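Written below as structure tokens is the structure these notes are about.
In our numbering, the protein residues as written are 999 to 1191.
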């Protein structure tokens, strides 16, 4: 199992602004770029992203059931933005009612970046095995979440299961399958546990 704690992450202003304004003709009254930058700076101070992940072969029945499609292997992961981040977002929502959509966009973008961080770490290994990754399968079933947290020991990055959901808020569990590239002969053996 691989664990990376407190890696560097920035909240991208342009992407968050674009998502927050999607479908709106104008930003909420009194909510401009300067205010959004200030909110994102405060939110970013609470980011303590961490990930746990491991790759398994098809002979791991516990985790193979979580993979989106059968493949040569699969990677199971948990990503969190840290315990302080949701608290800061709640404070900011209370202080700035018009910022709710922007803050939700910030949480979504940060969560996606944590997932992409894991995928970037396994990219070379996947390519060495002459495979490509399936689409990401986010795990939401409480029983499956319990399996993932037990297998990876979610406590190492302070992620737990509370009322059938991952805690702290904005944490994610997911699985991707390693699929042999079409047109390639003789993919190498699946990674060892």
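Beta carbons are placed, not taken as given, at the ideal position from N, Cα and C, and that holds for glycine. Just so it is clear, the structure is predicted and the values come from calculations on it, not from any experiment.
Mind checking which residues open and close the beta strand (DSSP E) that includes residue i?
i            : result
residue 1048 : 1048–1054
residue 1003 : 1000–1003
residue 1076 : 1071–1078
residue 1164 : 1163–1165
residue 1060 : Here residue 1060 belongs to no beta strand (DSSP E); instead the alpha helix (DSSP H) covers 1059–1062.
residue 1138 : Here residue 1138 belongs to no beta strand (DSSP E), and DSSP marks it neither H nor E.
residue 1153 : Element bounds for residue 1153: n/a, residue is neither H nor E.
residue 1264 : Residue numbering for the chain in the displayed model covers 999 to 1191; residue 1264 lies beyond these limits and cannot be assessed.
Taking just the CA atoms, how far does residue j sit from residue i?
i            : j            : result
residue 1125 : residue 1095 : 46 Å
residue 1146 : residue 1055 : 15 Å
residue 1153 : residue 1166 : 11 Å
residue 1129 : residue 1053 : 13 Å
residue 1178 : residue 1069 : 7 Å
residue 1014 : residue 1112 : 15 Å
residue 1133 : residue 1110 : 13 Å
residue 1092 : residue 1099 : 13 Å
residue 1080 : residue 1045 : 6 Å
Using CA coordinates, which residue listed in the options is at the minimum distance from residue i?
i            : options                   : result
residue 1002 : 1013, 1031 and 1048       : 1048
residue 1075 : 1062, 1097, 1091 and 1050 : 1050
residue 1018 : 1097, 1079 and 1093       : 1097
residue 1170 : 1136, 1099 and 1156       : 1136
residue 1009 : 1140, 1039, 1132 and 1179 : 1039
residue 1072 : 1061, 1103 and 1080       : 1061
residue 1142 : 1116, 1127, 1158 and 1131 : 1158
residue 1032 : 1011, 1044, 1016 and 1043 : 1011
residue 1180 : 1131, 1084 and 1045       : 1131
What are the start and end residues of the alpha helix (DSSP H) that includes residue i?
i            : result
residue 1118 : 1098–1126
residue 1042 : 1031–1043
residue 1082 : 1082–1093
residue 979  : Residue 979 is absent from the model: the chain starts at 999 and stops at 1191.
Let's test the definition: count the other Cβ atoms within 10 Å of the Cβ of residue i and tell me whether it reaches 16, buried, or not, exposed.
i            : result
residue 1035 : exposed
residue 1184 : Reliability of the predicted coordinates at residue 1184 is poor, the pLDDT of 46 falling under 50, and no value is obtained from them.
residue 1162 : exposed
residue 1118 : exposed
residue 1148 : exposed
residue 1127 : buried
Cβ of residue i less than 8 Å from any chain B Cβ?
i            : result
residue 1075 : Given the protein chain composition of this structure (a single chain), no chain B is represented.
Please go through the same chain and pick out, in chain order, the residues whose beta-carbon is closer than 7 Å to the beta-carbon of residue i, but skip the five residues on each side of it.
i            : result
residue 1087 : 1041, 1101 and 1105
residue 1120 : 1053 and 1073
residue 1005 : 1047 and 1115
With a CB to CB cut of under 8 Å and the five nearest residues on each side skipped, what residues in its chain are close to residue i?
i            : result
residue 1151 : 999 and 1050
residue 1155 : 1001, 1003, 1048, 1049, 1050, 1076 and 1078
residue 1107 : 1009, 1010, 1013, 1014 and 1017
residue 1140 : 1159, 1162 and 1163
Looking only at its chain, what residues have a beta carbon closer than 6 Å to the beta carbon of residue i, apart from the 5 residues adjacent to it on each side?
i            : result
residue 957  : This structure does not reach residue 957, given that the chain is present from 999 up to 1191, and the question cannot be answered.
residue 1037 : 1090 and 1097
residue 1182 : With a pLDDT of only 49 at residue 1182, under 50, the local geometry of the prediction cannot be trusted, and the value read off the model is given with reservation. For residue 1182, where only same-chain residues beyond five positions count, the Cβ hits under 6 Å are 1128.
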